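Worksheet for the structure shown next.
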Amino acid sequence: MSFTKVLIYTGLMAGITYLIRMLPLTLFRKEIKSNFINSFFSYIPYAVLGAMTFPNILYSTDSLWSAVAGLFVAVFLAFKNKSMLLVSLAACFTVFAVEKILIII
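Laid out in structure tokens, this is it:
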């Protein structure tokens, strides 16, 4: 991914996060009591980040199979509540190992 794309994605994420956090303050004068609306406003930044990141996960390697294997390992370890460092290292190692295996095959 080029540096320009990283800057664009970072700017979009920052802008959307700012807008979502600012909207309740500017549009609603009273405190929002709806749990649904509060949850919606708090999860939007994560959804946007996921939507921008997910396609790059699948197409960042030479093989789609290694990317899917790394994604599977990362999701599995994340659901097991492992540390972020362990999840990233395990996913990177899985991608590396699958790439090497695919070269041999």
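The sequence shown runs 0 to 104 under numbering that gives the first Met the number 0.
By construction, the Cβ of each residue, glycine as well, lies at the ideal position given by its N, Cα and C atoms.
As the structure is a prediction and not an experimental result, all values here were calculated from the model.
Who are the near neighbours of residue i in its chain, counting only those whose CB is closer than 6 Å to its CB and skipping five residues on each side?
i   : result
E30 : none
M51 : Y8
F75 : none
Return the chain-ordered list of same chain residues with a C-beta closer than 7 Å to the C-beta of residue i, the five sequence neighbours on each side being excluded.
i   : result
S59 : A66
Can you give me the C-alpha to C-alpha distance between residue i and residue j, rounded to a whole angstrom?
i   : j   : result
V47 : M12 : 7 Å
L24 : D61 : 46 Å
A90 : V5  : 21 Å
Under 8 Å: does the beta carbon of residue i sit that close to some heavy atom of the ligand NAP?
i   : result
F92 : For the ligand NAP, the structure offers nothing, since it holds no ligand at all.
Identify, in the order they occur along the chain, each residue of the same chain with its Cβ nearer than 8 Å to the Cβ of residue i, setting aside the five sequence neighbours on each side.
i   : result
W64 : V97 and L101
V94 : T60, S65, A66, A68 and G69
I15 : I43, P44 and V47
R20 : F40
Minimum length 4: unbroken alpha helix (DSSP H) runs contained in the stretch 16 to 82: Listed in chain order, they are 34 to 57 and 63 to 78.
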